[in-house]
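A.B. asks: Numbering (this note's numbering), first residue to last: -15 to 223.
Ideal Cβ positions, reconstructed from N, Cα and C, are used throughout, including at glycine.
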């Protein structure tokens, strides 16, 4: 109980809210590396997942990549990259990108692949080109599942981004490493609480975006046009 009170006192200390190492700066740094990693992963994984879902070829590749990437220990990968690239943000950023790819890839694949073939067939029947089918039919209908993949990737990255402080003075993880070094457990707990609150805020934002996307589909599409629900067995296996 005293530790929680000490952590609360640390969080409410005005000295910890100012300067280059203050809480607002660390939160902003944490968000920057989180969104940079997810965005970089999305550049590669989203088109790949959409293509595989559209053609329905290469599902085994998705499973293999997702399984292999998730099996890699993040701290071990970060240590290896740190030895190769040295001190700085390059190593943690690359490690976080690797961590984010499986969820984004699986979400894009599952979302597009689960769009009803009747829907895509009807779109082709009225003269839509394959490109139009992808961008005007499949991706809009798959949006809730795609957002779900981005949501899962973001939550994984925002929690793991604390390791960025392992090779760089960056992000909320700095409080954990500094507290561990000085045995200031109140600072460590305060840092952990900040990460948890940040993750919760991002979770709520993505959940709202996912519900909004699903609501748009429900309002504009027939029941048989809907994408399989996010908790379907196939998505549970992939995302």
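1. Hey, residue 138 and residue 16 are a contact pair by Cβ (cut 8 Å); roughly how many whole angstroms apart?
2. Could you give the distance in angstroms between the alpha-carbon of residue -9 and the alpha-carbon of residue 48?
3. Measure from the alpha carbon of residue 51 to the alpha carbon of each residue in 84, 75, 72 and 35, then state which is nearest.
4. Apart from the five residues just before and just after residue 158, which ones in its own chain have a Cβ nearer than 8 Å to its Cβ?
5. Which runs of the beta strand (DSSP E) spanning at least 3 residues fall entirely within the region -6 to 76, listed in chain order?
6. Is the region 177 to 194 touching the region 78 to 97, taking contact as three or more C-beta pairs under 8 Å?
7. Could you please give the first and the last residue of the uninterrupted alpha helix (DSSP H) stretch that includes residue 102?
8. Would you check if there are 3 or more beta carbon pairs closer than 8 Å linking the region 120 to 130 to the region 189 to 201?
9. What number of angstroms, rounded off, separates the C-alpha of residue -6 from the C-alpha of residue 56?
10. Does the region 92 to 101 come close enough to the region 114 to 123 that 3 or more CB-CB pairs lie under 8 Å?
11. With a Cβ-Cβ cutoff of 8 Å, do residue 76 and residue 12 count as a contact?
12. Does the Cβ of residue 156 have 16 or more other Cβ atoms within 10 Å, making it buried, or fewer, making it exposed?
13. Out of 104, 141, 20 and 67, which has the shortest C-alpha to C-alpha gap to residue 118?
14. Which whole-angstrom value is the C-beta distance of residue 142 and residue 186, which I expect to be below 8 Å?
15. Helix, strand or coil: which one does DSSP assign to residue 154?
16. Taking buried to mean at least 16 other C-beta atoms within 10 Å of its own C-beta, is residue 81 buried or exposed?
17. Note down, in chain order, each residue of its chain lying with its Cβ closer than 7 Å to the Cβ of residue 86, except the 5 sequence neighbours on either side.
18. Going by the CB atoms, is the gap between residue 58 and residue 145 shorter than 8 Å?
19. Do you know offhand how far residue 211's Cα is from residue 108's?
20. Could you give the residue range of the alpha helix (DSSP H) that holds residue 185?
C.D. replies: The relevant details are as follows:
1. Locating residue 138 in the chain shown gives position 154, counting from the first residue. Locating residue 16 in the chain shown gives position 32, counting from the first residue. Cβ atoms of residue 138 and residue 16 stay farther apart than 8 Å, at about 13 Å.
2. As a first step, residue -9 must be located in the chain shown, where it is residue number 7. As a first step, residue 48 must be located in the chain shown, where it is residue number 64. About 42 Å.
3. As a working mapping, residue 51 is identified with position 67 in the chain shown. Selected option, being the one with the closest Cα: 84.
4. Here residue 158 refers to the residue found at position 174 when the chain shown is read from its first residue. Cβ within range, chain order: 5, 10, 149 and 175.
5. Scanning the region -6 to 76 for uninterrupted beta strand (DSSP E) segments of 3 residues or longer gives nothing; none is fully contained.
6. Contact fails: fewer than three Cβ-Cβ distances are below 8 Å.
7. For the purposes of this step, residue 102 is taken as the residue at position 118 of the chain shown. Note, residue 102: alpha helix (DSSP H), 101 to 109.
8. In this structure the region 120 to 130 touches the region 189 to 201; the number of beta carbon pairs closer than 8 Å is three or more.
9. Here the question's residue -6 lines up with position 10 in the chain shown. Here the question's residue 56 lines up with position 72 in the chain shown. Their Cα atoms are separated by approximately 35 Å.
10. The answer is yes - the region 92 to 101 touches the region 114 to 123, with three or more Cβ pairs under 8 Å.
11. Here residue 76 refers to the residue found at position 92 of the chain shown. Here residue 12 refers to the residue found at position 28 of the chain shown. Cβ atoms of residue 76 and residue 12: not closer than 8 Å.
12. The residue you call residue 156 lines up with position 172 of the chain shown. The residue in question, residue 156, is buried, as its Cβ has 16 or more Cβ neighbours within 10 Å.
13. Looking up residue 118 in the chain shown gives position 134. It is 104 whose Cα lies nearest to the Cα of residue 118.
14. Looking up residue 142 in the chain shown gives position 158. Looking up residue 186 in the chain shown gives position 202. Sure, about 6 Å apart at Cβ, within 8 Å.
15. If you number the chain shown from 1, residue 154 lands on position 170. Coil at residue 154, not helix or strand.
16. For this step, residue 81 is matched to residue 97 along the chain shown. Result: buried.
17. Taking the chain shown and counting its residues from 1, one reaches residue 86 at position 102. Sequence-distant Cβ neighbours of residue 86 in its own chain, meaning closer than 7 Å and more than five residues away, are 49, 50, 53 and 54.
18. As a working note, residue 145 is residue 161 in the chain shown. As a working note, residue 58 is residue 74 in the chain shown. Result no, Cβ atoms of residue 145 and residue 58 do not sit closer than 8 Å.
19. On the chain shown, residue 211 is found 227 positions in, with the first residue counted as 1. On the chain shown, residue 108 is found 124 positions in, with the first residue counted as 1. Its pLDDT being 45, under 50, residue 211 is placed unreliably by the model, and the measurement read from it follows with that caveat. So the alpha carbons of these two residues sit roughly 18 Å apart.
20. As a first step, residue 185 is located in the chain shown; it is residue number 201 there, counting from the start. Annotation for residue 185: the continuous alpha helix (DSSP H) segment containing it runs 169 to 204.
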